[in-house]
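Per this note's numbering, the sequence shown starts with residue 8, numbered consecutively. Backbone N, C-alpha and C fix where the C-beta goes; we use that ideal spot for every residue, glycine too. This structure is a prediction, so every number in the text was calculated from the model and none was measured.
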Amino acid sequence: MPPLDSPQLLAIAAALGWASGLRLYAVVFLTGLAGRLGWVELPGGLALLQHPLMLSASGFMLFVEFFADKIPGIDSLWDLVHTLVRIPAGAALAAAVFGADPTAWTLAAALMGGTLAATSHIAKATTRAAVNTSPEPFSNVGMSLLGDAAVPTALWLSWTHPLLFAVLLAVALVTMVGAIWWLGRFLRQLTTRMTSWRRPSLQRIES
8 MPPLDSPQLL AIAAALGWAS GLRLYAVVFL TGLAGRLGWV ELPGGLALLQ HPLMLSASGF
68 MLFVEFFADK IPGIDSLWDL VHTLVRIPAG AALAAAVFGA DPTAWTLAAA LMGGTLAATS
128 HIAKATTRAA VNTSPEPFSN VGMSLLGDAA VPTALWLSWT HPLLFAVLLA VALVTMVGAI
188 WWLGRFLRQL TTRMTSWRRP SLQRIES
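Shown next, in the form of structure tokens:
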């Protein structure tokens with residue numbers, strides 16, 4: 008298997024960071040499994056992911072997250088809790104790709120991975136919060152399945168077609184930033200309307 012060049016390593020680091028904001032445990036498990044089965048040769052900093060203990064832990068958490076992410080309300084709570092996990096983990100995984108290289112590359116990868124993880128995580132959490140305002144559960148499950156499919160696709164493309172992945176990542180980032188802005192406005196307006204509707208009701212009760 009030929010050694011990975013810098014553009015491919017950069018694509019892999021970007022994929023690990025971006026996908027961690029969506030499905031951290033899927034990223035850890037699938038990357039480790041691919042290395043364990045010999046499908047790819049993991050950079051030295053990622054070798055720990057293919058350890059049986061790490062595969063067992065990440066596989067279990069992937070199983071839990073798969074179902075938690077499809078229950079309205081629970082998915083938003085899960086996203087809220089994982090704000091403190093996905094972003095630093097995305098930065099750490101991206102940095103691990105360049106773990107054996109000079110510090111400047113490692114730091115740059117960490118900054119990139121953390122930023123991409125933050126962007127995808129905020130976009131996911133905002134989108135799911137907006138979807139949860141709908142009473143029907145099907146759109147929620149559909150959005151969750153879309154995330155399930157996006158993660159392995161991004162990881163595969165980063166290893167096999169890094170330039171194509173870079174183009175698609177740029178499109179995804181523009182879309183996510185737009186979604187954060189638009190859905191953020193929607194949620195703020197919804198919160199304002201709910202607050203305005205509840206205030207007269209509370210005043211009638213108090214009087």
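- Cβ-Cβ separation between residue 20 and residue 116: approximately 5 Å, consistent with a contact (criterion under 8 Å).
- The beta carbon of residue 86 is closer than 6 Å to those of 132 in its chain, skipping five residues each way along the sequence.
- Residue 31 places its beta carbon less than 8 Å from that of residue 92.
- Taking a C-beta distance under 8 Å as the contact criterion, residue 183 and residue 127 qualify as a contact pair.
- Nearest Cα to residue 148 within the set 48, 72 and 53: 72.
- With contacts defined as CB atoms closer than 8 Å, residue 28 and residue 114 fail to qualify as a contacting pair.
- Assigned with DSSP and collapsed to three states, residue 45 falls in coil, not helix or strand.
- Note that the C-beta distance between residue 50 and residue 138 is not below 8 Å.
- Within the same chain, no Cβ atom closer than 6 Å to the Cβ of residue 118 is found once the five residues on either side in sequence are excluded.
- A straight line joining the alpha-carbon of residue 75 with that of residue 187 spans about 22 Å.
- About 15 Å separates the CB atoms of residue 23 and residue 154; that is not less than 8 Å, and the two are not in contact.
- Here DSSP, grouped into helix, strand and coil, assigns residue 50 to coil.
- Linking residue 111 to residue 165 through their CA atoms gives a straight-line distance of about 22 Å.
- In this structure, the straight-line span from the alpha carbon of residue 80 to that of residue 141 is close to 11 Å.
- Per DSSP, the continuous alpha helix (DSSP H) segment holding residue 81 begins and ends at 81-88.
- Residue range 59-75 is occupied by the alpha helix (DSSP H) that includes residue 65.
- Put simply, of 192, 173, 189 and 191 the residue whose alpha carbon is nearest the alpha carbon of residue 14 is 173.
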